[in-house]
Amino acid sequence: AQHVKNKDKFESVEEDWKYVAMVLDRLFLWIFAIACVVGTALIILQAPSLYDQSQPIDILYSKIAKKKFELLKMGSENSL
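With the working numbering applied, the sequence shown covers 402 to 481.
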């Protein structure tokens, strides 16, 4: 009889620890997911090309690209 009580108590403690492990696992999953999304967003938003306003080198040295760029620029000014 004592053996069955001890076994039940042990199984109860084991189930409690399984529940704690499941809760912590879910918590760390959310922390990891948020860290990945925030990290990815920060890396993408720090891309120099997003904030670079200089003229591309192909437009500087290519006569055809320069004319296309001027036409696009004029078209965007006319639409305003």
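The beta carbon of each residue, even a glycine, is placed where N, CA and C say it ideally should be.
Proximity of residue i and residue j at Cβ, strictly below 7 Å
i           : j           : result
residue 466 : residue 459 : yes
is_contact[residue i, chain C] using C-beta, thresh 7 Å
i           : result
residue 405 : Of the protein chains in this structure there is only one, and it is not chain C.
Terminal residues of the alpha helix (DSSP H) in which residue i lies
i           : result
residue 417 : 403-446
residue 457 : Note, residue 457: premise wrong, no alpha helix (DSSP H); not H, not E.
Distance between residue j and residue i (C-alpha atoms, nearest Å)
i           : j           : result
residue 475 : residue 451 : 22 Å
residue 414 : residue 445 : 46 Å
residue 437 : residue 427 : 15 Å
residue 421 : residue 440 : 28 Å
residue 425 : residue 443 : 27 Å
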